[in-house]
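S.K.: In my numbering, the protein residues as written are 38 to 277.
This is how it looks when you write it as structure tokens:
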């Protein structure tokens, strides 16, 4: 049995189970009729680095690879805007399953060193919420077919400051509960990345959270006119 989460029109601040960063996020049913009814998104026209395709068009991009690994996770992405996007995608893809220690380890790899503990705590809480949604107790070993996965499908970004980008990711979230119920939805999350020795997840200030909420594109189905209007760029190595 598959459950589609309904469209949520309100933008909320939360830590989603798909990522380890503080995000502003919206959920959407993968429903073309709902996409067609989407209002025109709010786009930050000051962000010259982001090219917004015309209505109905869909850009596509291949993201760069990391130059090395830390604990088996890709790091060392290029010092440019696509390197920031690739880091956010890697951090999201690494958040799988129901192990809070694994989630905290991922957060530790990608977070800014001064904020590592905060991101690890957020990752623990996100996995706790994920386990609750799946019907798992805090310490229960997940039985088959219980599963969780996040697949980034598309991105946009805004330059916040020199060497700092807000990366907006459109991801497909799939969670299979202990009773084999499959819950899936599109999710838009925003992560703030700052360059030091590498791209690092950093916490936005309270004022910046509000700005990011205004800039965040809506969750829309790839291939629809709403998707093109929102300026989403497809990630070439995934199939939505």
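Beta carbons are placed, not taken as given, at the ideal position from N, Cα and C, and that holds for glycine.
This structure is a prediction, so every number in the text was calculated from the model and none was measured.
Using C-beta distances below 6 Å, list every residue in its chain close to residue 103, excluding the 5 sequence neighbours before and after it, in chain order.
M.R.: 111, 112, 113, 114, listed in sequence order.
S.K.: Return the first residue and the last residue of the beta strand (DSSP E) that residue 186 is part of.
M.R.: Here the beta strand (DSSP E) through residue 186 covers 184-198.
S.K.: Taking just the CA atoms, how far does residue 122 sit from residue 284?
M.R.: The structure shown does not extend to residue 284, since the chain spans only 38 to 277, so no value can be given for it.
S.K.: Beta carbon of residue 189, beta carbon of residue 206: below 7 Å?
M.R.: The answer is yes: Cβ separation under 7 Å.
S.K.: Under 8 Å by Cβ, that's how I've got residue 250 and residue 225 pegged, so tell me the actual separation to the nearest angstrom.
M.R.: Wrong, their Cβ atoms sit about 11 Å apart, outside the cutoff.
S.K.: Given this structure, state the Cα-to-Cα distance separating residue 128 from residue 136, to the nearest angstrom.
M.R.: Their backbone Cα atoms lie some 15 Å apart in a straight line.
S.K.: To the nearest angstrom, how far is the alpha carbon of residue 106 from that of residue 221?
M.R.: Approximately 30 Å between the Cα atoms of the pair.
S.K.: Determine the contact status of residue 254 and residue 193, defining contact as a CB-CB distance below 7 Å.
M.R.: In this structure, residue 193 lies closer than 7 Å to residue 254 by Cβ.
S.K.: Starting from the C-beta of residue 201, find all residues in its chain whose C-beta is less than 6 Å away, skip the five residues before and the five after it, and write them out in chain order.
M.R.: Correct list, in chain order: 231.
S.K.: How would you label residue 170, buried or exposed, when you count the other beta carbons within 10 angstroms and need 16 or more for buried?
M.R.: Residue 170 is exposed by the Cβ-count criterion.
S.K.: Does the beta-carbon distance from residue 203 to residue 229 come in below 7 Å?
M.R.: Taking 7 Å as the Cβ cut-off, residue 203 and residue 229 qualify as a contacting pair.
S.K.: Using only alpha-carbon positions, find the residue among 184, 261, 120 that is nearest to residue 234.
M.R.: Of 184, 261, 120, the residue nearest in Cα terms is 120.
S.K.: Based on the DSSP output, what are the partners of residue 148 in its beta bridges?
M.R.: 238.
S.K.: Residues in its own chain within less than 6 Å of residue 131 by CB, not counting five upstream and five downstream?
M.R.: 110, 143, listed in sequence order.
S.K.: Can you give the Cα-Cα distance for residue 178 and residue 184, rounded to whole angstroms?
M.R.: Roughly 11 Å between the two C-alpha positions.
S.K.: Is the CB-CB distance between residue 186 and residue 208 below 7 Å?
M.R.: Their beta carbons are not under 7 Å apart, which means residue 186 does not touch residue 208 by this criterion.
S.K.: From residue 219 to residue 149, what distance separates their C-alpha atoms?
M.R.: For residue 219 and residue 149, the distance between alpha carbons rounds to 34 Å.
S.K.: What first and last residue would you give for the alpha helix (DSSP H) that runs through residue 249?
M.R.: Residues 243-252.
S.K.: Using three-state DSSP, classify residue 177 as helix, strand or coil.
M.R.: In this structure, residue 177 counts as coil in the three-state DSSP scheme.
S.K.: Bridge partners for residue 111 per DSSP, in chain order?
M.R.: The partner list for residue 111 (beta bridge, DSSP) reads 106.
S.K.: Give the DSSP-derived three-state secondary structure of residue 170 in the structure shown.
M.R.: If DSSP states are grouped into helix, strand and coil, residue 170 belongs with the helices.
S.K.: Could you pull the DSSP bridge partners for residue 272 from this structure?
M.R.: DSSP, once it has assigned bridges, lists 98 as partnering residue 272.
S.K.: Can you tell me whether residue 125 is buried or exposed, with buried defined as 16 or more other CB within 10 angstroms of its CB?
M.R.: So residue 125 ends up on the buried side.
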